[in-house]
Every structure is written in C-alpha cells, then in structure tokens.
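Just below is one structure, and these are the notes that go with it.
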Amino acid sequence: MSVLGYIEDVYAEICRRNPTESEFHQAVAEVLHSLAPALHAHPEYLESRIIERLCEPERQIVFRIPWVDDHGDVRVNRGFRVEFSSALGPYKGGLRFHPSVNLGIVKFLGFEQIFKNALTGMAIGGGKGGADFDPKGRSDGEVMRFCQSFMTELHRHLGERTDVPAGDIGVGSREIGFLFGQYKRITNRFEAGVLTGKPVAWGGSHVRTEATGYGAVYFAQEMLATRGKTLDGRRAVVSGSGNVAVYAIEKVQALGGSVVACSDSSGYVVDENGIDLDLLKEVKEIRRARLSAYVEARPTARFSDRGTVFDVPCDVALPCATQNELGEQDAVALVKNGVLAVAEGANMPCTPEAVGIFREADVLFGPGKAANAGGVATSALEMRQNASRDQWTFAETEDRLATVMRQIHAQSRAAAETYGGAPDDYVLGANITGFLRVAEAMTAHGIV
C-alpha cells in the first residue's frame, strides 16, 4: 500500500473510532496529510505503527464535578483530562473552563499540544483538560468552590514529573491559585512545578502571562522578515480580547505596529487611532465587561456586531480567540484587503478552507502549533525555575522566549524545504518537525 493510502486508511479508522469529535478529526487530518514526505523518508515508522499509537491518547480521564453555588444549590459539571503523549516528558497543557468543552475539543487540543510542545525543543509531553463550567458571571466564592471540587478529583493524576496543567480559556491566575491551593491542601506538598501560570509572587515566571501573545507576534515578525518586511507601521487586527489577544496587541504596538481592531463574543471594536491597551485591560480584566464598554469610554472607536473583525482592512491578522473562528469568507476578505501575514494566537482558529485560501494567495501563514508555542515554552521555563527554586528577570525570560520562537520559525522553515515543500509552508514544516521528534522518542521507548 502507498503511504498516502496508508494515511487515508488510518484517518478513516480514527474517525470511525472517535465519532462526533469533529474538531479532533480536523486536527488529525491536518497533521496526517503533512506527514507523507516524512514517512517516505522513514518507512520504519510505518512498520512500528507510530501514527496509530500517536493518535490514541495514553489516558483519558472524565469525571464529575459537584459544587455549591452562592444560593446553596448543588451544581454538577463534567471535567476532562486527556494525557495524550509522554514520549518527550510529563504531560503538559492547559485547562479550559468554558460551556463548549467536551471530550472531542479536549482531544483536539491535546493532540495539537503534542507537536507544539515538541517544537519548543523542551522535555514536555502533550495533554489538555478542562470542564464545561463557565466562570463568567460567577463570584469568586463560586469559582473557588468549583476549582476545589475539580482538583479534588484531578489531583491524583498530577505531579511535576507526571502531568503539569496550566491555564487556557476561562482559567487565569485566580483559577490557578484556587487549584494550586486545593492541590497543596490534599497532598500536603508545596509542589510548585505541578501547575504553571502562577503569579510571580509564589512561584510563577515573569512573562508567562504575556508569553502566548508575545510569541505569536514574534513569529509573525520572523515570517515578515523573510520577505524583507517588518511590523513597523503596519496595521493589524486581533480577534479576541482575552489574555492572548491583549498581549499580542501590546507587542505589536511595542514593535511599531498599530492594532486597529479587536473582538469578543458580542462583536468587535474598531479604533483607527489604535486600541487603547490600558482601557482594554480595564474593561476586560478588571470590570470583566463586554467590549462595547470600551466604546463608551473611547469616542473615537466604534462597535459592531455585524460581520467579523477580519472585515477590517489590515496588513497582519492575529486570530487569538478560539477554534474555527476564521472561516472561508473571512479569509477572502483578508486577502481582498491585502493582508500580508496571518499568525494563529489561538489553537486552530482558521478553518482548513481559510488556510487553503491563504496558501493560494501567497499569504504568510503561521499555524498555532508553531505561532502560539510561546505560552507553553514559557511554562516549561517556569517549571525549570521551580525545579531550581530560582526566578529570572522579565528581560531574561523574554529574551529566552524570543529565542525559542526564532528557533521554531527557523526549524519549521528548514524542515519544509528539506521535505519538498516551499520554505514558507509552515504547516508542513511544523508538523514534520514535531512528529519526527516524538516518533524518535517513541521508537526508543519500545512498544508502550
């Protein structure tokens, strides 16, 4: 059987065994369809069934989370942790609290995390988790009680050498604090390295909060440099207004660009004078309000709930909200308006159709597993600091982050060219680079 035939058969079997998990199917398809050149060069990976083993999680944990709200009513949510691959190190990946969370979404995120973590060059495996709980509108007491119940079940599966969660959508420093407090209470250990994304005051790393957004911008900067361009003077739009989006905006502005639009689930804001970052942080992080509140305090801005933020003309687009947010029509609009580069700050925010349009139009495209790897890279740096009971300065940590992003860009570009693609086919390059690192380790470990 040909390599392509083998890949198609494997993919069909994965879809059969994991019905209804469309996001997982999408993530697997994107990776598998990139791997034919690598499998031609390494037929031993066909014989040892590396692909089938890699696409099956080592462990899937689903559990009940009972908790009591402020009215004394008992609530029940569902929690997940998919420990996908420990070939390169302890499972590493965030926790997402959002009503949309289900097993298929957690599996897609965990699968992507395998390759993203491998790209960092650090000793971390891939995993992901979360719950179908919405922290929006909940009091601190409710969030605390939920996090305590969540960790009461999950703690038995964690450890700084076993599984190290971090934050994701709906899980910020508040939630990490409550989770860590319950872990410490149950285990009677101050095991700082068991969770990352902690505040600096008690074991966190400088730049971790900023890392995913900063890293996506660094990756975009590296892509533009291959065509003799920079971010200086460029117009950018950023989808989302959470942690990743806020710090992507901050770094674009620091590098001389102007972010003229951002969004949330209710619509998007356009501010031709450039997004006022202090005001955005006040609205979203302190007041926890809708983005329309930004316009109330900023007369130069306008809010719209029609179309999407990608309708706004720009040179650089940074989708930083959630999966499959940037579709075919959005890609057409971006290309029509002259976009030069798209770097994914979120996980798989561009649909396959949108990615195809960018490739056909010769738009530089940085897939999430490469472009947003700065977050988990800095989490690994936080783990390193925890292990040595050390703490680096902001400048030192950011310099290490920038170095990691440059290396990911260079290695993805080199792999794409080595395996017969165009140098700027970052999807091909990132997938092959990550796969080969994991496959080599899996082979060395035997059939486990």
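Residues in the sequence shown are numbered consecutively from 785, following the working numbering. All C-beta atoms in this analysis are idealised placements derived from N, C-alpha and C, irrespective of residue type, glycine included.
In the three-state reduction of the DSSP assignment, C839 falls in the coil class.
In this structure, C1046 is the residue among F974, C1046, Q932 with its C-alpha nearest to the C-alpha of A1085.
When the five nearest sequence neighbours on each side are left out, the beta carbons in the same chain lying within less than 7 angstroms of the beta carbon of G925 are those of D854, in order along the chain. Contact between M1007 and L1148 is confirmed by a C-beta separation of about 4 angstroms, below the 8 angstroms threshold. By the Cβ test, the segment 872-886 is in contact with the segment 950-958, since at least three Cβ pairs between them sit closer than 8 angstroms. When C-alpha distances from R1184 are compared across F1219, E1201, A1198, A1157, the shortest belongs to A1157. The segment 950-1037 is shown to contain whole beta strand (DSSP E) runs of 3 or more residues at 1019-1023, in chain order.
Taking 8 angstroms as the cut-off, the Cβ atoms of V794 and L816 count as close.
G911 is bridged by DSSP to E867. Boundaries around L1220 are those of the alpha helix (DSSP H), 1210-1229, since no beta strand (DSSP E) includes it. Going by DSSP, V1188 is part of the alpha helix (DSSP H) stretching over 1178-1202.
Residues C1046, S1047, D1048, L1064, K1068, L1075 of the same chain have their beta carbon placed closer than 7 angstroms to that of S1025, with the five preceding and five following residues left out of the count. DSSP, reduced to helix, strand and coil, places G1051 within a strand of the structure shown. Residue pairing by DSSP puts L1148 in a beta bridge opposite A1125.
DSSP places R833 outside both helix and strand once states are collapsed to three, so it counts as coil. Using a Cβ-Cβ distance cut-off of 8 angstroms, the segment 1178-1193 and the segment 989-1002 are in contact, since at least three pairs of beta carbons, one from each stretch, lie closer than that value. For N1057, no pairing in a beta bridge is given by DSSP. In the structure shown, F1142 adopts helical secondary structure according to DSSP, grouped into three states.
If you look at V1100, you'll find it in the beta strand (DSSP E) that goes 1100-1103. DSSP, reduced to helix, strand and coil, places R1072 outside both helices and strands of the structure shown, so it counts as coil. About 6 angstroms separates the Cβ atoms of K900 and V1160, confirming a contact at the 8 angstroms cut-off.
For L879, the enclosing beta strand (DSSP E) has its first and last residue at 875-881.
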